[in-house]
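First up is the structure itself, then whatever we jot down about it.
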Amino acid sequence: MHVTPLKRWLIGLALMIVLLFSAFLWVKPLLSIGGGYAAKHGCSCHFLQGRELDEISAHDLNFSVLGHFTLQHESDTVTASLAGLVERQAVYLPGRGCVLVNDAARPLPAVGQAEIPATLPLPVATTAPPALAAALDYGMQPVPGGGARGLVVLKDGQLVAERYAPGYDHNSRLLGWSMTKTLTGLAVGAYLHRDSATYPEPAAAATALTALFPDYWQDARSEIALADLLRMNSGLAWNEGYGSLTDATVMLHERPDFADFALRSQLIATPGTEWNYSSGTSNILMEYLRSELGSNDKLYAFLDDLYGAVAPSLLIEPDQSGRPVGSSYGWATARDWARLGQLMLQGGRWNGEQLIPESWIKFMREPAAGSEGNYGAQLWLPGPDTPSIPADAYMMRGFQDQRVFILPTQGLVVARLGHSDDKVTNFDGLIQRILAAYE
C-alpha cells in the first residue's frame, strides 16, 4: 500500500503525541511530589522563619526540577506551581505549623493555640578554648548545596560557642528532618514512664508489648513489638529512597494520613531480625502514642508538656490527619536542638525532674539487630563516616546533614543545622577540631 508523505507525517505526529502524553503520565507523579515538597517547605520557611518566598526559592528549592516551581502566597496558603502542569498547596495553622494538602476533599486539622514565641535563658560559659573559634569556622564552611545555618556547642550544659549564617540567629527555627525521629523515641519512653504502675520498667515493656494495632495487624504483623518499631526491626516492607516514587516520598507528599499508609505495609521479614530504616515506622510510633492518649489534641498537649521546659521553640508539624509527623517535621532553634541533646546527656533529667527514665536513654543507645552497630532505638550511633568520634557518643541525625552529637565523656553537645546536599559535611573533621580544642 502506498503511503503518501502527508500520511507519513500524520502518523509520525500521532506517534509523537502518544509518546509525549505517555511521558507526561510517567513524570506527572514525580512533578506532584516535587510540587508538594516545594509547597510544604515554602510554607514552613515563610511562616516559621519569616523568610520571603523568592529567597526560599533561590536558596532552598534551587535543585533539579524544583527550581522551576513558582511559589505564591495568599493569606495562610502557599501554592507551588509548574507551568500550569502541577499545582500543590500547603496551609499554615497557627500553633501547629504548615500542613500539605494531599487530599483536597479532606478537612484540614484543627488549629492549635496561637503561637507565643518562647525562649529560655541558656547558661553561658565564662571562658572558651581559643581553638574553638577555628573549629566553628570549619563547621560553617560552604559545602555542596549550601552549608550550616546554625552551629551550637554546649559544654557541661553551658553555651560555649555558637555561629549562624547571615539571616539567621539564635531565635531562628531550623528544620531537623529525621532528628524528629529521636524526639518520637524519647516521647514513647516518657509515656511509658508516666504510667509507671502499668510499666514499671519501660524498656522491658517495649520489648513485651505486641498486638499494637488490631484494626490493621490481624496477621503475623501482630507479633511486631514496640521495641521492634523503635529499632527499625519491624520487618515491614519500606523504601526510604528520595530520588523517585518511593514509600517515603509518596507518604510525605501524596497521602493525607502518614501512619495509615505505613501501617498497611506488608511483612517481609521476621520482626526483630532485620534492620530497615523507615520514616513510616516513626509515624507508626506517633500513632501508637495518639491511640494510647486518645486524640491528636491530647498527643500535642503531651508533647508540649514533655518538651516545653527543655525546648520551648520546638514545633512538630502535622499531616492532614492532624497527627504530628514523628519522622520528619520537627522545628526548633539551634540552641533548643542542643538542649534536647543535653536532656539525653543528663539521662532524661531536667530541672530536677525525671522527664524520661535514664534506663530508657540506655535502651535507645543499644545497637539494633542488623544495623552493624550504627543505630539504636530512633537514635544513631558512631559509624564509618565518623571514625574519630568517641565510642560512647551518639547522635540525632537528619536529611541535609542535620546533626546533634552527644559526647558523654567530654560533657559536650554539638548541634549543626543547615541546608545542603545530604552527606557532604565532614562531621569527623568538625568533632575532631572541637575535641582538640579541649585537650
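Under the UniProt record's numbering, think of the first position of the sequence shown as 1, with each following residue one higher.
Backbone N, C-alpha and C fix where the C-beta goes; we use that ideal spot for every residue, glycine too.
Chain-order list of residues whose beta-carbon lies under 7 angstroms from that of residue i (same chain, five-residue window excluded)
i: K40; result: A90, C98 and L100
i: G330; result: G176, M179, T180, L183, L314 and I316
i: G373; result: P367 and L381
i: L293; result: L299 and F302
i: T386; result: F427, D428 and I431
i: T270; result: G235
i: D422; result: F399, Q400 and D401
Strand pairing of residue i, partner residues [DSSP]
i: S81; result: T70 and E87
i: A415; result: V152 and V404
i: R173; result: T333
i: E353; result: W350
i: R163; result: L151
i: R397; result: R403
i: P324; result: P318
i: Q158; result: K155
i: G146; result: V143
i: Y92; result: C98
For residue i, the nearest candidate out of the options (CA to CA)
i: W337; options: L315, V325 and I356; result: L315
i: A202; options: C45, D76 and L230; result: Just to set this straight, residue 202 is Pro in the shown sequence, not Ala. Taking only the C-alpha atoms, the option nearest P202 is L230.
i: residue 444; options: S57, G241 and V124; result: The requested residue 444 is not part of the displayed model; the chain covers only 1 to 439.
i: P121; options: A110, P107, G157 and E274; result: G157
i: V124; options: P144, L159 and G95; result: L159
i: R335; options: N171, P271 and A134; result: N171
i: W217; options: A368, V111, S328 and Y288; result: Y288
i: N283; options: Y92, V188 and P387; result: V188
i: R339; options: C45, Q354 and V310; result: V310
i: C43; options: R194, V78, D60 and D428; result: V78
i: R397; options: S328, G370 and E292; result: S328
i: L435; options: S420, S388, V424 and Q402; result: S388
i: A391; options: F399, T409 and R403; result: T409
i: P144; options: R433, D428 and S420; result: S420
i: S291; options: T70, G322, P384 and S265; result: G322
i: A134; options: A237, R433 and E439; result: R433
Residue environment, residue i, which counts as buried when at least 16 other CB atoms sit within 10 Å
i: D169; result: exposed
i: I268; result: exposed
i: D228; result: buried
i: D103; result: exposed
i: K155; result: buried
i: D401; result: buried
i: V424; result: exposed
i: S278; result: buried
i: D60; result: buried
Between the CA atoms of residue j and residue i - distance to the nearest angstrom
i: P29; j: R255; result: 13 angstroms
i: M364; j: G341; result: 13 angstroms
i: T119; j: R221; result: 43 angstroms
i: L192; j: E87; result: 43 angstroms
i: G147; j: I431; result: 16 angstroms
i: F24; j: T249; result: Confidence at F24 is low in this model, with a pLDDT of 47, below 50, so the placement of that residue should be treated as unreliable; the coordinate-derived value is given next. Near 19 angstroms, if we compare the C-alpha coordinates of T249 and F24.
i: I224; j: A206; result: 11 angstroms
i: L263; j: F213; result: 8 angstroms
i: R416; j: P312; result: 18 angstroms
i: A105; j: A80; result: 19 angstroms
i: D305; j: M395; result: 23 angstroms
i: L66; j: E358; result: Only weak support exists for where L66 lies, its pLDDT of 48 falling under 50; the value from the coordinates is given anyway. Approximately 43 angstroms, taken between the alpha carbons.
i: R51; j: G34; result: 20 angstroms
i: L85; j: S57; result: 18 angstroms
i: H253; j: E353; result: 39 angstroms
i: P166; j: L82; result: 30 angstroms
i: H73; j: G36; result: 15 angstroms
i: G418; j: S244; result: 23 angstroms
i: P142; j: Y199; result: 48 angstroms
i: P130; j: L343; result: 27 angstroms
i: G411; j: D76; result: 43 angstroms
i: N62; j: D195; result: 47 angstroms
i: W26; j: L93; result: Since pLDDT at W26 reaches only 49, below the 50 mark, its modelled position is unreliable, and the value read off the structure follows with that caveat. Going by the C-alpha atoms only, they are around 33 angstroms apart.
i: A110; j: A393; result: 40 angstroms
i: T70; j: C45; result: 15 angstroms
i: H68; j: A38; result: 10 angstroms
Same chain, Cβ closer than 6 angstroms to residue i, five either side skipped, listed in chain order
i: Y307; result: L314
i: R163; result: L136, M140 and L151
i: N426; result: none
i: A161; result: A128, L132, L136 and V153
i: T246; result: N239
i: L226; result: A206 and L209
i: T371; result: Rather than Thr, the amino acid found at residue 371 in this sequence is Ser. So the list reads W275, once near-sequence residues are dropped.
i: L186; result: I356
Cβ neighbours of residue i in the same chain (closer than 8 angstroms, five flanking residues each side left out)
i: P324; result: M286, N296, L299, Y300, L303, I316, E317 and P318
i: A368; result: R231, M232, N233, W275, Y375, G376 and A377
i: M251; result: F258, F261, A262, S279, G280 and N283
i: R173; result: L48, Q49, S313, L315, W331, A332 and T333
i: S32; result: V86, R88, H253 and E254
Proximity test, residue i beta-carbon vs the ligand HEM heavy atom, cut-off 8 angstroms
i: R335; result: Summarising the ligand content, the structure contains no ligands, and the ligand HEM is consequently not present.
CB contact below 9 angstroms: residue i versus chain D
i: P202; result: This model lacks chain D altogether, as it is built from one protein chain only.
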